[in-house]
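Just so you know, the sequences run in chain order A and B.
For the first sequence, the numbering used here gives the first residue as 843, with consecutive numbering after it.
For the second sequence, the numbering used here gives the first residue as 474, with consecutive numbering after it.
Note that CB positions come from ideal geometry on N, CA and C, so glycine has one too.
Nothing here was measured: the structure is a model prediction, and the numbers come from that model.
Below: the structure, in C-alpha cells.
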Amino acid sequence: MVANTSSMDLSLTETQEMLRSTIRSLVSQEFPTQTLLDMDSKKNPFTTASWNKLTSSGWTSLLIPEIYGGEGGSLTDSAILFQELGRGPVPGPHFSSSVLGTLILLEIGSEDQKAQLLPELAAGKEIIGLAHTESEYDHEIVGMAASETHDCYILNGTKLFVQDVLGTTQLIITALLQPNKLGLFLVNSSTYGLEIQELDGWSTGVSNVHLNHVKIPKSSLLGTETSNGWVELFAAVERALPVLCAYQIGSCEAVFDMTVKYANKRHQFGVPIGKFQRVQDHIISQINYLDAATLSTYEALWKLDEGKETAKSSVHLAKALTSEAHYQICNASHEVHAGLGIMREYGLTLHTKLSRTLYHYFGDPKYHKTQLIRSLNL
Amino acid sequence: MNFEITFTPEQQEFQIRVRDWLKRNMPKGIEHPADPANLTRGGYEKQRELGHRLALEGWLYPTYPKEFGGGGLSPNEALIIEMELEKYDQILPPYYDSGGKLAAASIMVWGTQEQKSIFLPQILKGEVRTWQLLTEPEAGSDLANIQTTAIKNGNKYTVNGQKIYVGSSHGAEWSWMLANTDPGGKRHGNLSWFIVPMDLPGITWAPMDLIFAGNENGALSGFKNTVYFADVQIPTENLIGGENNGWQVADTHLEIEHGLMQGSLLGDHNLRRTLNACRKLKKRGNPLIADPSIQEILAELYIDSEVTRLFHIRIHWLRSSGQKISYQGPQAYLQMKRQALRAAKHTQDILGPYALVMDDKLSPEDGFIEVQQRGSIVAQHPGGTVEIQKLIMSRKLGLGKPSMKYGSKH
Ligand SMILES: Cc1cc2nc3c(=O)[nH]c(=O)nc-3n(C[C@H](O)[C@H](O)[C@H](O)COP(=O)(O)OP(=O)(O)OC[C@H]3O[C@@H](n4cnc5c(N)ncnc54)[C@H](O)[C@@H]3O)c2cc1C
C-alpha cells in the first residue's frame, strides 16, 4: 500500500540548506570553544564586535518584512539559523532582538514605530531586549505600574531574571497602564535611572533591570489606542517560542555529537566505552529526546508559517518537550563523560548551564503541559 | 522491630558531654560557606584546629582503636558526635581527609605493626591530612590501568606520572596512592600502595577548573587538583601490603568508599533548605508551600530522602550489630547520587530561576540551593560512577554467575 504522501516532505529547501551550512561554518569559525568560554567567564563578554561578526551575514533582517528593509523570511528560516547558533552555544541578545523583540514590534508597533525601528533592527544597528518578569517569575504577571504625568511616563521598580539584555541598545519594558492593559515601552538602555545588573550563578545571560524613577516620553509607548498589550505580547511569544526551541535543539545536537564522539574515542577496560550497554542507554535516551524535540518544534514552525489553527497546542508541545530534552540530554552527556565533562575547558558545561537557564524561560515544562491541555479543548 | 536509633543511658550522658564540650571548644568564626570554593585559608585552619581538639578526646576518628589514635568507641557514639557537630554545620572530620576515612582501613588490614604505629596515629589524631591519588587520565573507572610508575632502586621507589581529580584546596601533608611497580606485569598484579609525604621533591600540583569541586561526604573540598610526580623518591618503608599487592590493599578502602562511609542519618539538608525557601517565596500572594502542585513535587523530594534515610539506617544497624554488609553499600551510594540529581530538578521545578541564582539578595538559603544544582551533577562521579555502582551491586548479587545464590556472602 502506497499512501499518498507526494506532498509530504520533511526536508529543508535548498536555500534553507545553504543558510544552515553558511551559519554552521560561521559559528565554528568565529565562536570556537575557547572564545565561548571567554565570553562565559566574562573575560571577554558579549560585545558589539561579536554581534557584528554575525550581523554582517545579514541575518538580523531575516524575520523583518521586505517593506521595512528585511528579508521577509519564515519562522522556519529563522529556526534553522538559531539551531546553528545553539550549537555553539553562541550567547548574546540574538534571540531577544532579532526574534522576540522583532516579533513584538511587528505585533504591536504603530505604522510609524515600525517604519522607524524595523529598518534599524534589520541593519543590526539597534539591538533590543525584553524586560518583563518580576519577583514571581511568571510571564503572566506584571505588578509594576506606569505612572503618567502630563508629558511623560515614569517607571519604578525591578524586572527580575531578565534574559539576554546585556549589549542591547533599547529595552521593551512592560508596565501596567490599567489593571488589564499592559504598556510596552521602548526605552533606551542608557536612560538615566535604568541599571542593568548581571546575575551570577548557574545560569547564562540573566540580569535584573532596576528602574529608578525612569522618565520616558509618551511616544515610547508602543502600539496605538486600541492595543491591549497582553494580547500582542503573547501572540509574539507564541511565534518566538519555537525559534527558541530550535536554539535549544542546536545545543542538544552539539551535546549529542560530542557524546557519541567521546564514547567512541574514550577507552576503559580495553574497549571504547560506547561498547558498554549502560553507556549506550544514555546515548539512546539522548537521541530519543532530541528527535522528539526536533520533530515537534519543526511541526510547530510549519503550522505557524502556514497559519494552521492548531499551531498553539503544537507550540506548547514543542516547548514542553524541548526544555525537558535539553535538560536530560545534558545530564546524559555528563554521565558518559564522567570527570571530563565537569571541567569548564571542555565546553559541555556551557550547554548544561544553558539548558537550566532556558528550562523555565517563558514557562517551564509544567506550565506548557497545562497550556497544552487547555489549548486542546479536550 | 524497632526503627529508632536508641541510645543507652551511658550514651545519652555521652551526648550531653559532647554537647558541652563543643560549646567550649568550637573555634570561633568557623566557616561553612555554601560554595566550598570560598573556604578561606583561615577557615580551613580553624577546621584543622577543631580536628586537633576532637582528636585529643579520641573523637576525630572515634571508632578506631585507642592504641592507634582513635577513640575505641561504638558506631552509636560516633553518630552522637556527628549529630552534635551537625548543629554547628560541621562534620567528622571537619575537613576533607581521605586518610582517616579510607586509608586507615587499609593500613589496619595490610600494614606491618611498625607501619601501623607510625602512620595511623598521625592520621587518626589529625596531625596530617591526606589526599587520595587514584585516578589518572587513562585510569578512571578502569582503575587497574594505572600508568604512574614506581620503580625500585635500593631502598627507594622512583615515581613518575600524573594523578587527576585529587583532594581539595589548601594542600595536604600526605597522600596515598596506587602506582605501577611492574610495568608489563599482570593486570591487578602490578600495582603497589604507598603513603606519600607531599613535601617530597618532585611533587607539584595545580588546581583543576571544575564547575564544582565536590562535597564528598559533606566535606568542603574546595577544588580538585592535578598532581605531578617527577622522579619522586619514596622510601620503601612507605609501601603498604607488599610489592605488587596494591590491588588487594585498595580493595579494602574501595569497599568503604562504595557506600559505607556516607553518613546521611543526620537529615536531608537540601530538603530542609527547599522547604525553607518555599515558606518564604510567594506566588500570587501565597507562600509556595501552600500550592498543591508544589506540594506534589515536595512529596517526591521527601520520599526520595526517606529512601536514602532507610537505606542508611539499615547500614548503621548492620554495622552496629556486626553483620556483613554486601550490596547494601553500593545501593545506598547509588541512591544518594541519584537522589541528588533528581532533587536538583525538583528544586528547579519549584523555585525556577531562584534555584540557579547566586546573589546576596536573591539566593534562597544563602546560595546553598544554587550550589546543589552544580554539585549534584558532579556528585555522580566520585568513588565510582553510577554505572560502576550498578556493576558492583550486580556482582554482589551474584548476577551472571548462576552458581551463586541471591545476595550470597562474598
Ligand atoms: C568531584 C570528584 C571528586 C573526585 N575525587 C577523587 C579523588 O579524590 N581521588 C581520585 O583518585 N579520584 C577522584 N575522582 C575521580 C573519580 O573517581 C573518577 O572520575 C571516576 O572513577 C570516573 O572515571 P572517569 O572520570 O575517568 O570516567 P570513565 O571511567 O572514563 O567513564 C566514562 C563513562 O564510561 C562508563 N564506564 C566505564 N567503564 C564501564 C563499565 N565497565 N561498564 C559500564 N560503564 C562503564 C562510566 O560509567 C562513564 O559513564 C573524583 C571525581 C570527581 C568528579
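- Query: How many angstroms separate the CA atom of I842 of chain B from the CA atom of R815 of chain B?
  - Reply: 13 Å
- Pull up the DSSP beta-bridge partners for Y920 of chain B, would you. Residue 920 of chain B is absent from the structure shown; chain B starts at 474 and stops at 883.
- Task: Using three-state DSSP, classify A551 of chain B as helix, strand or coil.
- Result: helix
- Item | Residue ranges of each beta strand (DSSP E) within the stretch 636–682 of chain B, 3 or longer | 647–653, 664–670, 676–680
- State buried or exposed for P566 of chain B, treating a residue as buried only when at least 16 other CB atoms are found within 10 Å of its CB. buried
- Query: Once you ignore the five residues that flank G1035 of chain A on each side, which residues in its own chain have a CB closer than 6 Å to its CB?
  - Reply: N1054, H1055, V1056
- Query: What are the boundary residues of the beta strand (DSSP E) that includes W604 of chain B?
  - Reply: 603–606
- Using a beta-carbon distance cut-off of less than 7 Å, what residues from the stretch 1045–1076 of chain A approach chain B? S1045, V1048
- Task: From the DSSP output, read off the bridge partner residues of S1190 of chain A.
- Result: At residue 1190 of chain A the sequence reads Leu, which differs from the Ser that was named. BP columns for L1190 of chain A are empty, so no partner.
- Could you tell me whether the Cβ atoms of M681 of chain B and M881 of chain A are closer together than 9 Å? no
- Which same chain residues, not among the five before or five after A1105 of chain A, have their C-beta less than 7 Å away from its C-beta? P1114, I1115, G1116, V1121, I1125, V1178
- Rounded to a whole number of angstroms, what is the C-alpha to C-alpha distance between L824 of chain B and D1099 of chain A? 31 Å
- Can L923 of chain A and L904 of chain A be called in contact, C-beta distance under 9 Å? yes
- F487 of chain B - containing alpha helix (DSSP H), residue span: 482–498
- Check the Cβ-Cβ distances between E1187 of chain A and every residue of chain B, and say whether any is below 9 Å. yes
- For K869 of chain B, which residues in chain A fall below 8 Å Cβ to Cβ? Per Cβ cutoff of 8 Å: no residues; K869 of chain B is ~17 Å from chain A at best.
- Evaluate the contact criterion for the stretch 779–795 of chain B versus the stretch 557–565 of chain B: three or more CB pairs, one atom per stretch, below 8 Å. no
- Message: Please determine whether the Cβ atom of G1181 of chain A lies at a distance below 8 Å from any heavy atom of ligand 1.
- Response: yes
- Message: At a cut-off of 8 Å, would you count R1120 of chain A as near ligand 1, judging by its Cβ distance to the nearest heavy atom?
- Response: yes
- Task: Could you tell me the distance, in whole angstroms, from the CA atom of E949 of chain A to the CA atom of D1147 of chain A?
- Result: 15 Å
- Item | Per-residue DSSP class, three states only, for V1007 of chain A | coil
- Query: When the cut-off is 9 Å and only beta carbons count, does V1085 of chain A lie next to chain B?
  - Reply: no
- Message: Please classify E1080 of chain A as buried or exposed, where buried requires at least 16 neighbouring CB atoms within 10 angstroms.
- Response: buried
- Those residues which DSSP pairs with V1048 of chain A across a bridge: A:Q1005
- Query: Is any heavy atom of ligand 1 found at a distance shorter than 8 Å from the C-beta of Q635 of chain B?
  - Reply: no
- Query: If you measure beta-carbon to beta-carbon, which residues of the stretch 984–1005 of chain A are closer than 8 Å to chain B?
  - Reply: L1002, F1003
- Thinking just about the alpha-carbon of each residue, which of A:Q876, A:G934, A:G911 is nearest to the one in K895 of chain A? A:G934
- Mind checking the stretch 635–652 of chain B against chain A and listing, in chain order, the residues whose C-beta falls within less than 8 Å of any C-beta there? I637, Y638
- Message: Please state the DSSP three-state secondary structure of S952 of chain A.
- Response: coil
- Message: Quick check on F592 of chain B: does DSSP put it in helix, strand or coil?
- Response: helix
- Spatial neighbours of G840 of chain B within its chain, please: CB distance less than 7 Å, with the 5 preceding and 5 following residues excluded, ordered by chain position. A507, D508, M831
- Task: Taking only the alpha-carbon atoms, compute the straight-line gap between E477 of chain B and E486 of chain B and give it to the nearest angstrom.
- Result: 18 Å
- Message: Run through chain B and tell me which residues come within less than 8 Å of K1208 of chain A, C-beta to C-beta.
- Response: S766, D822
- Message: In the DSSP output, which residue or residues are listed as bridge partners for P760 of chain B?
- Response: B:K755
- Message: Could you tell me the alpha carbon to alpha carbon distance between Q1005 of chain A and V932 of chain A, rounded to whole angstroms?
- Response: 14 Å
- Under 9 Å between C-beta atoms of L879 of chain A and E1187 of chain A: yes
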